């Protein structure tokens, strides 16, 4: 009657908006240590740019000794660096803040990782040279448009302080997972700033400009700023490094389980240093045990996978938490640092389950 | 450099679990009045069944005068009925209950609609005849397995009281949107019970049995029962009719908007009767106005689309609500009827936006 194939069962991106396209990774279902293009989260400020089909040049200009245009052919001849890097949206987990904050209600899927390969920005800046008063490096994307709360039309652009721009791991990438970068993720060139929230990793790089002052573009002076107060901008400071963080992938929040043995599993990551330990509580934070961290050889910028064997015999409701600590002795707090635009959520991850 | 096509931007199902597969419709992004197969929500209790590739027969037996086997060829020769029907998961909107309830945390996407075509069950039962003591009709699916909180292995099966089984719109469907039913939605035959929550619309129909007693299968004596109390089963009653309900599709919850004119839009539906009006409040329920209901010719069982033009000049935070009323004078309540397993949520829909 029917030529039944094995049904194709797979997770998909979760959609927040289509104009611009913002979709999050179904992180609970990511089992590998890299996220393939179809499930890589998509975070856009603007419509996708239309790239010219003419030959591609990367200009570097401004406070440099010799402005240059680099062709793709030239770029790929520099010594390349390949890094496994977590990219995390600054608004990842925004929906978990209490009180709630306005903006897109990201769950825990504003995060992905994989291999980025490219040329260190430092190597390019060595070719152009820097003037003595060089202070910041602006990287501008091809994408532009309007955004609520910000007047006028802007290109997406961000600056890096010279120190970060010259870090050997800050790269102009041209490959993701051993392939040309997928269009939606920045083809042909994307700045990758390991350890910083991903607003810094500018897609569709259009030009690079060295300046002798501080750049005040809206994506670092209005957005991507921590505002600790609801009604004023006092004490604000820019979003940069990824906070130490962890996510429970299994079980699901509010899942009903049978009594017995269950593997609690998840990931942990940080922007500075490496993950040193992950602790699990199954009694709402009263007691904690160490999770087992998967000990593959790993790079500094990737997430670690962890697991914990939980044996539960008594029926009832349980609150399970995970809490990571990094090599800079940063530990996830029990309560998040609330800020008006909802960036950098990193409180201990917390789910509830019922054992029946 | 690159043969850029217009990037493919589309919503996807949102995944709750893969074993069994449970994924919800991105309802905010459904603009048509039918949901195509790829975005039809998937709600399974068990793994997908493996159907035999032999010739398909539908047996009807039990308290009938003459048990019969119907072939597909016979079924499609009966006068067919085609109905545009909302199917809504009883757990749709479960995640909105406060206090939270255990179980899969469905958002507002446990709902889809489209055209189902098939033969009225009544026509088949007229062929077999009913014994005088016939009381209920059990419809059993090919899917089976174990489920937390329910002992043993069970097939998915549900009964209908005779009156509902003999309703002329209760059909054994073989087409969805003018095509054979997609495998994941019940190929080759699915019972469709318009107006009831979709647990009643048994997929992959395996057999139909008329009984002279009350069926007590776990999917109507344990699950799909309203339990109003947290700690005991008093006052419980079965889940049947879809409650009057509405969903705001646009804007998004917690969206930041510019001042000016905005179209608030959404859908409304009910299991009994038809939608008579949809009211909108933009001031947290203090005042209400009528939304405009799209006045296409429509069938009794489909959702209606509605919209409301909102002009907002003053910056600030707004709570927007929608509240539907049906022809039986049922109106969405301001607070949901809390029940332990989280079925039938239908409080007035509520989002917050900030105007900047």
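Residue numbers (the UniProt record's numbering), protein chains in the order written: chain C, 1 to 356; chain Y, 1 to 356. C-beta: ideal position from N, C-alpha, C; glycine also. Since we're looking at a predicted model, the values are computed, not measured.
Hey, quick one: how far does the beta strand (DSSP E) through residue i stretch, first residue to last?
i             : result
residue 166/C : Here residue 166/C belongs to no beta strand (DSSP E), and DSSP marks it neither H nor E.
residue 68/C  : 68-71
residue 287/Y : Segment: none, residue 287/Y is in no beta strand (DSSP E) and carries neither H nor E.
residue 85/C  : 81-88
residue 59/C  : 57-62
residue 324/Y : 316-326
residue 207/Y : 205-211
residue 247/C : 245-250
residue 141/C : 136-147
residue 14/Y  : 14-18
residue 354/C : 349-355
residue 280/Y : 275-281
From residue i to residue j, what distance separates their C-alpha atoms?
i             : j             : result
residue 89/Y  : residue 240/Y : 11 Å
residue 336/Y : residue 104/Y : 18 Å
residue 6/C   : residue 319/Y : 46 Å
residue 1/Y   : residue 39/C  : Note on residue 1/Y: pLDDT 45, under 50, position unreliable in the model; the coordinate value appears next. For residue 1/Y and residue 39/C, the distance between alpha carbons rounds to 25 Å.
residue 184/C : residue 83/C  : 20 Å
residue 339/C : residue 278/C : 25 Å
residue 328/Y : residue 346/Y : 15 Å
residue 248/Y : residue 348/Y : 10 Å
residue 295/C : residue 306/C : 9 Å
residue 293/C : residue 350/C : 19 Å
residue 143/Y : residue 47/Y  : 7 Å
residue 276/C : residue 34/C  : 21 Å
residue 286/Y : residue 321/Y : 10 Å
residue 10/Y  : residue 18/C  : 7 Å
residue 50/Y  : residue 140/Y : 15 Å
residue 207/Y : residue 191/Y : 11 Å
residue 352/C : residue 333/C : 18 Å
residue 273/C : residue 195/C : 9 Å
residue 366/C : residue 314/C : Because chain C here runs from 1 to 356, residue 366/C falls outside it and cannot be looked at.
residue 137/C : residue 121/C : 10 Å
residue 106/C : residue 16/C  : 8 Å
residue 31/Y  : residue 265/Y : 10 Å
residue 81/C  : residue 66/C  : 24 Å
residue 257/C : residue 20/Y  : 14 Å
residue 217/Y : residue 228/Y : 21 Å
How would you call residue i, buried or exposed, if buried means at least 16 neighbouring beta carbons within 10 angstroms?
i             : result
residue 233/C : exposed
residue 108/C : buried
residue 302/C : buried
residue 284/C : exposed
residue 263/Y : exposed
residue 58/C  : buried
residue 215/Y : buried
residue 93/Y  : buried
residue 126/Y : exposed
residue 237/C : exposed
residue 69/Y  : exposed
residue 146/C : exposed
So the alpha helix (DSSP H) residue i belongs to, where does it begin and stop?
i             : result
residue 218/Y : 218-221
residue 128/Y : 121-128
If contacts are defined as beta-carbon pairs under 8 Å, then residue i and residue j qualify, I think. What distance do you get, rounded to the angstrom?
i             : j             : result
residue 173/Y : residue 160/Y : So it is not a contact: roughly 15 Å between Cβ atoms.
residue 289/C : residue 267/C : That pair is no contact at about 18 Å.
residue 200/Y : residue 155/Y : 15 Å between Cβ atoms; not a contact.
residue 102/C : residue 254/Y : 5 Å
residue 282/C : residue 330/C : In fact, because the Cβ distance is near 24 Å, the residues do not count as touching under 8 Å.
residue 356/Y : residue 148/C : 6 Å
residue 134/Y : residue 162/Y : 6 Å
residue 226/Y : residue 343/Y : 6 Å
residue 124/C : residue 60/C  : 6 Å
residue 119/Y : residue 78/Y  : 4 Å
residue 112/Y : residue 25/Y  : 5 Å
residue 177/C : residue 36/C  : 7 Å
**Request:** Taking a Cβ distance cut-off of 7 Å, strictly less, list which residues of the stretch 133-162 of chain C are near chain Y, in chain order.
**Result:** 148, 149
**Message:** Which residues of the stretch 65-76 of chain C have a Cβ closer than 9 Å to any Cβ of chain Y? Give them in chain order.
**Reply:** 72
**Asked** Taking Cβ-Cβ distances below 9 Å as the criterion, which residues of the stretch 105-125 of chain C are in contact with chain Y?
**Response** 105
**Message:** Please identify, using Cβ separations under 9 Å, the residues of the stretch 238-257 of chain C that lie next to chain Y, in order along the chain.
**Reply:** 252, 253, 254, 255, 256, 257
**chain C contacts from the stretch 88-100 of chain Y (Cβ-Cβ distance under 7 Å)** = 100
**Prompt:** Can you list, in chain order, the residues of the stretch 5-18 of chain C whose Cβ is nearer than 8 Å to any Cβ on chain Y?
**Reply:** 7, 9, 10, 11, 12, 13, 14, 15, 16, 17, 18
**Request:** Pull out every residue of the stretch 179-195 of chain C whose Cβ sits closer than 8 Å to any Cβ of chain Y, in chain order.
**Result:** 183, 184, 187, 188
**Prompt:** For the stretch 22-43 of chain Y, which residues have a CB atom closer than 7 Å to at least one CB atom of chain C, in sequence order?
**Reply:** 26, 29
**Asked** For the stretch 309-329 of chain Y, which residues have a CB atom closer than 9 Å to at least one CB atom of chain C, in sequence order?
**Response** 317
**Item:** Positions along the stretch 327-347 of chain Y whose CB lies within less than 7 Å of some CB in chain C
**Value:** none
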